[in-house]
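Below is one structure; the comments refer to it alone.
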Amino acid sequence: MSAQDIAVLVEIQQGEIAPITFELLGGARELAQSTGGEVLAIVLGQEAESYAAKLNVADRILLAEDPLLTNFIPNPYVQILEQVVLAEQPKAIMLGSTSIGIDLATLLSSKLNAPLVQGVVKASATDTGFAITSQLYSGKILADVEVNAPTSVLLTLPGNFHATETAGKASVEKVEVATPLDTAGITFEEMILPEAGDVDITQQDVLIAVGRGIQQEDNLEMAEELAQALNGAICASRPIVDQGWLPATRQVGKSGMTVQPKCYLALGISGAPEHQEGMKNANLIIAINSDENAPIFNIAHYGVVTDLFDVAPVLQEKMLEKKGVA
Ligand SMILES: Cc1cc2nc3c(=O)[nH]c(=O)nc-3n(C[C@H](O)[C@H](O)[C@H](O)COP(=O)(O)OP(=O)(O)OC[C@H]3O[C@@H](n4cnc5c(N)ncnc54)[C@H](O)[C@@H]3O)c2cc1C
Numbered sequence: 065m066s067a068q069d070i071a072v073l074v075e076i077q078q079g080e081i082a083p084i085t086f087e088l089l090g091g092a093r094e095l096a097q098s099t100g101g102e103v104l105a106i107v108l109g110q111e112a113e114s115y116a117a118k119l120n121v122a123d124r125i126l127l128a129e130d131p132l133l134t135n136f137i138p139n140p141y142v143q144i145l146e147q148v149v150l151a152e153q154p155k156a157i158m159l160g161s162t163s164i165g166i167d168l169a170t171l172l173s174s175k176l177n178a179p180l181v182q183g184v185v186k187a188s189a190t191d192t193g194f195a196i197t198s199q200l201y202s203g204k205i206l207a208d209v210e211v212n213a214p215t216s217v218l219l220t221l222p223g224n225f226h227a228t229e230t231a232g233k234a235s236v237e238k239v240e241v242a243t244p245l246d247t248a249g250i251t252f253e254e255m256i257l258p259e260a261g262d263v264d265i266t267q268q269d270v271l272i273a274v275g276r277g278i279q280q281e282d283n284l285e286m287a288e289e290l291a292q293a294l295n296g297a298i299c300a301s302r303p304i305v306d307q308g309w310l311p312a313t314r315q316v317g318k319s320g321m322t323v324q325p326k327c328y329l330a331l332g333i334s335g336a337p338e339h340q341e342g343m344k345n346a347n348l349i350i351a352i353n354s355d356e357n358a359p360i361f362n363i364a365h366y367g368v369v370t371d372l373f374d375v376a377p378v379l380q381e382k383m384l385e386k387k388g389v390a
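Using my numbering, read the sequence shown as starting at 65 and increasing by one per residue.
This is how it looks when you write it as structure tokens:
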């Protein structure tokens, strides 16, 4: 336990650790390196121990087990988090900006009388707290704020921190549930899952993104073939989804998905702010657009000013040649 530690709530969805958790652990590691503290992973659930092996990037894995923690109910979760934070006194507790995280963060901050920063996209530790960049109004405003408190609650947006593979000390400890858990009259009834999408674009390493420049639905086949050659998947800007050419599960941006692939190849996408919001943190952005003034070039690492129909087939051919298929 140290006032320099950074704690992370491990989010479990359908028996799996949610990807946001690994981003948070990566962010926590960066912060802990500058504070000199440790990274704590807090796991809540009936069989919390079963997740410990996947959390070896943390220094300490704190497990709280109770039947009332099996499914998410805000009150028991907050009770345990409050107990852990009071015992451990970390410099920050990071939660993902997800339905669960948003539910918990405000409750936790009021219980602890600790500052809460929402929409965290960047954070660095200061002597007395944190300097944080917070994204407001769907990315239209970035606010730089400072919090000065022994513990801060950081509600962190997906796609802004990178998962780490550096192993931590990974010691596993059980947390004794100090007081009987109280559900505050809420019972878990049923988990209703969204309709399954065909491909989870948030989990792809390579995305071929098509925009209005693709011109007609038939041309998607060319993008799909290119995606296959690159072992990736296709996604799109909103107009493509609005026209019904691809399902909503493939839309990237403000009203779609936030993605962070290793490579994002944008074909005929202008790069409107609402689109950038969902992809600007891709590791490598390559844009092909016939308009040299397209805003996508402001964030692309590589840009090609040309007709996408000249480049995409050649790229596919070269990739297939490289794979020894053509
Ligand atoms: C509340 C709100 C939410 C929104 N949410 C989203 C969202 O989640 N995702 C999203 O994407 N948008 C969203 N939008 C829409 C957004 O503002 C843009 O309208 C949209 O992103 C534009 O899509 P686009 O780049 O495909 O089309 P356009 O802006 O029309 O750009 C097409 C581009 O293709 C290029 N081009 C044309 N032909 C060729 C060719 N042959 N070769 C190469 N380049 C070519 C053009 O130069 C142009 O730059 C939202 C808007 C609002 C108001």
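C-beta: ideal position from N, C-alpha, C; glycine also.
Beta-carbon proximity list for residue i, same chain, < 6 Å, skipping 5 on both sides
i	result
G100	Q68
Q147	A242
G91	F225
D269	P325, K326
Alpha carbon of residue i to alpha carbon of residue j, nearest angstrom
i	j	result
D208	L73	24 Å
I137	I333	41 Å
A358	A300	17 Å
Q143	L180	17 Å
M158	G308	38 Å
E87	E229	11 Å
T190	G296	40 Å
T251	E111	19 Å
I164	Q267	20 Å
T85	A96	16 Å
Buried or exposed (CB count within 10 angstroms, at least 16 for buried), residue i
i	result
M393	Because the chain spans 65 through 390 in this model, residue 393 falls outside it and cannot be assessed.
I205	exposed
H339	buried
V116	Looking at the sequence itself, residue 116 is Ala, so the reference to Val does not match. A116 comes out buried.
S319	exposed
I166	exposed
Q279	exposed
L257	exposed
Y366	exposed
Same chain, Cβ closer than 8 Å to residue i, five either side skipped, listed in chain order
i	result
A376	M286, A287, L290, L331, I352
Reduced DSSP secondary structure (H/G/I, E/B, other) of residue i
i	result
G193	strand
A122	coil
Q97	helix
K175	helix
S301	coil
M65	coil
G160	strand
A169	helix
Nearest to residue i (by Cα), restricted to the options the options
i	options	result
E341	V107, L200, E152, L176	L200
Q292	S301, Q280, L271	L271
V185	L126, E102, T247, K344	K344
T192	L171, L172, L180, K155	K155
D235	R276, I125, G308	At residue 235 the sequence reads Ser, which differs from the Asp that was named. With distances taken between Cα atoms, S235 lies closest to I125.
T370	L219, I106, E356, E381	E356
E253	S163, T134, S161	T134
L221	I298, T162, A273, N177	T162
L218	T170, E80, L284	T170
E240	A248, G388, E381, L108	L108
Proximal residues to residue i (C-beta, below 7 Å), its chain only, five neighbours per side dropped
i	result
E152	M65, D69, A71, L104
A213	A178, P179, G193
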